[in-house]
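>
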Amino acid sequence: MKIVSEAAESVGHRVLTSAEFSGKGSYLLEAFRKKLYESEPPSEDFIKWSKKPSAKRKTIPPPI
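Numbering (the working numbering), first residue to last: 1025 to 1088.
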C-alpha cells in the first residue's frame, strides 16, 4: 500500500480505504463485516448483482 500511496502523492492524489472515504478514519471495516452486514444489509438489487457471473459483473456497475 505504501508504494501506491507514494505514487499517488507524487502526482497530487491520495489513496483512501473505504473507511477513510466514508469518514471513519483508518477503521478495519472488513474485520466487522458480519456486524455491518447485520446492521446495514446490502440492497436486494446489490444481492442480485453479486450473484451474477463474474464476467457479467465486470460489465455492469454495482447498484450502490
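Note that beta-carbon positions come from the ideal geometry of N, C-alpha and C, so glycine has one too.
Going straight from the alpha carbon of R1038 to that of K1026, what length do you get?
As a first step, residue 1038 must be located in the sequence shown, where it is residue number 14. As a first step, residue 1026 must be located in the sequence shown, where it is residue number 2. If I take the Cα positions, the gap works out to 11 Å.
> State the Cα-Cα distance for the pair L1053 and I1084, rounded to the nearest angstrom.
Counted from its first residue, the sequence shown places residue 1053 at position 29. Counted from its first residue, the sequence shown places residue 1084 at position 60. About 24 Å.
> Cutting at 7 Å between CB atoms, please list the residues of its own chain near S1042, excluding the five before and the five after it.
Within the sequence shown, the letter at position 18 stands for residue 1042. Hits under 7 Å: L1053.
> So, helix, strand or coil for K1075, using DSSP?
By one-based count along the sequence shown, residue 1075 stands at place 51. K1075: coil per DSSP, three-state reduction.
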